[in-house]
Ligand code: NAD
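In the working numbering, the protein residues as written are 10 to 360.
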C-alpha cells in the first residue's frame, strides 16, 4: 500500500518534491496540495492534485498520512505542529525553523504524538559532499585539519521572500543550514567555537554574503563561505590533510587529490626560488617524485534514499536518516553564529 502525501505550499520546491516523488518513489503517492496563492493552486490542479480550501481541510483528510511543508521558513514551526497534532507524519523543508527554540517546540509535539518528523536535508546526497566525506573517512589525505566549503554566485540580492527577515530570509538560514549540516555529518563530534562574518551587501534586512568558521573538538576547522557577489569562484571544496590536498572544483565534481608518496621523503636540496624581492626555500616547489596525483573516490549519490528512508521508517524497516536531533544541533550552531555576528567576535560553544 502506498503512503499518501499532501504538500503545503506549492511553489518552486514543492513542484520539485511532487515531480521527483512521482517519478522515483514507489511507496508514496502525492495526492493533494494547499497554497495561499490561487495561481499556485491552479498549477497543482493542472498537475493532477486535489486542492484543498485551507490547511485545516487538508489536515482533516483521513486519506493523507504524510505532509510535506514547502512554504517560506517562518511558517514551518506552526504548520509542522498543526500537522503533527492532526496525526500526520511530517517532512519539513530546510531550514526546519528560524531558531533552535522553535524546533524544540516541534520535537516536543512529535514525541507527544509519536509521529515521524524529518527535515529535507537533501544536500547530504550531493555527489561533491559524498566524495569529500569518503576521502576523509578513508584517510586518503591523512588527518584533515582545514576544510573549505564554498558556494559562490554573483547574482546579487537574495530572491523574493528570502530577502525578508520576517520570512526567515538570509543566506545563513538558506544555504548556511545545508553547509553546516554537511560539515557536522563529516565530523560527528562537538563544535567548540564559531565565528560568523555576515555581510549585507544588497539590503539591510538580511545577510547575503557570509563567511563562517567552525572549530571541532578534535581540532579540525571548517570554513564555510556563501556568496552572491563573487565574480571569480574558488573551488567548491579545498581540503587540507596531513598527507595531501583535495580539491573538488564544482558541482560537476571535477577535481583531484595530490598526496605524499610513502617513499617520497623530502630532502632539503638546494631548491631556492628567487622572487623579485628575495629568496625562499620554504615556498620552493616540492620535488615531483615525493608526491602522486590520485583520482577522487567513486561514490553512489542517490537523493531517492531520502524519501525511500521515510517509507522504510513508516513500514517499520529502518531508522530515520535525517533526525530532528541532528537538525537541533545545526540550529544551535546557527543561533550561536547569529550571536557571534551580533557581538562582533568568535564565541566558544559546546554543541
Ligand atoms: P517559493 O516562494 O517558490 O514557494 C513557497 C510557496 O509557499 C509559495 O507558492 C507561497 O504562496 C506558499 N505559501 C506561503 N505561505 C504559505 C502558507 N502559510 N500556507 C501555504 N502556502 C504558503 O519558495 P521555495 O523556493 O519553494 O521555498 C520553499 C521552502 O523550500 C523554503 O523553506 C526553502 O528554504 C525550501 N527550499 C529547499 C531547497 C532544498 O534544496 N532543500 C531548495 C529550495 C527551497
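From the three backbone atoms N, C-alpha and C, an ideal C-beta is built for every residue, glycine too. All figures in this text were calculated on a predicted structure; none of them were measured in a lab.
For secondary structure counted as the alpha helix (DSSP H) over 4 or more consecutive residues, the stretch 314-353 holds these complete runs in sequence order: 314-323, 333-352. Cβ atoms of residue 99 and residue 59 stay farther apart than 8 Å, at about 19 Å.
Distance between residue 330 and residue 318, taken at the CA atoms: about 7 Å. Spatial neighbours of residue 95 in its own chain (CB-CB distance under 6 Å, excluding positions within 5 residues in sequence) are listed in chain order as 68. Contact check between the stretch 141-153 and the stretch 174-189: fewer than three CB pairs, one atom from each, fall below 8 Å, which does not count as touching. At a cut-off of 6 Å, the beta-carbon of residue 51 does not count as near the ligand NAD: no heavy atom of the ligand is closer than that. Near the ligand NAD, residues with a Cβ at less than 7 Å from any of the ligand's heavy atoms are 17, 18, 19, 20, 21, 22, 23, 43, 44, 45, 46, 49, 64, 79, 80, 81, 82, 84, 85, 88, 102, 103, 104, 129, 131, 132, 169, 170, 183; the list follows chain order. Per DSSP, the unbroken beta strand (DSSP E) holding residue 208 starts and ends at 200-208. For a cut-off of 8 Å, the C-beta gap from residue 33 to residue 39 is around 12 Å, too long to register as a contact. A straight line joining the alpha-carbon of residue 168 with that of residue 289 spans about 48 Å. Residues 288, 289, 290, 293 of the same chain have their beta carbon placed closer than 8 Å to that of residue 281, with the five preceding and five following residues left out of the count. For residue 225 against residue 198, the beta-carbon gap comes to about 5 Å, under 8 Å, which counts as contact.
Under DSSP, residue 255 takes part in a beta bridge, and its partners are 248, 266. Within the same chain, and ignoring the five residues on either side of residue 350 in sequence, the residues whose Cβ sits closer than 8 Å to its Cβ are 205, 206, 207, 216.
Closest option to residue 264, judged by alpha-carbon separation, among 146, 306, 87: 306. Residue 97 and residue 11 have their C-alpha atoms roughly 15 Å apart. Cβ neighbours of residue 339 within its own chain (closer than 7 Å, five residues either side excluded): 186, 189, 190, 193.
Residue 158 and residue 61 have their C-alpha atoms roughly 41 Å apart. Counting C-beta pairs with one atom in each stretch, the stretch 173-182 and the stretch 99-117 have three or more that are closer than 8 Å, which means they touch. Looking at the DSSP output, residue 297 bridges to nothing. Nearest Cα to residue 83 within the set 345, 315, 171, 121: 171. In the structure shown, residue 84 falls within a helical segment according to DSSP collapsed to helix, strand and coil.
By the 16-neighbour rule on beta-carbons within 10 angstroms, residue 309 is exposed.
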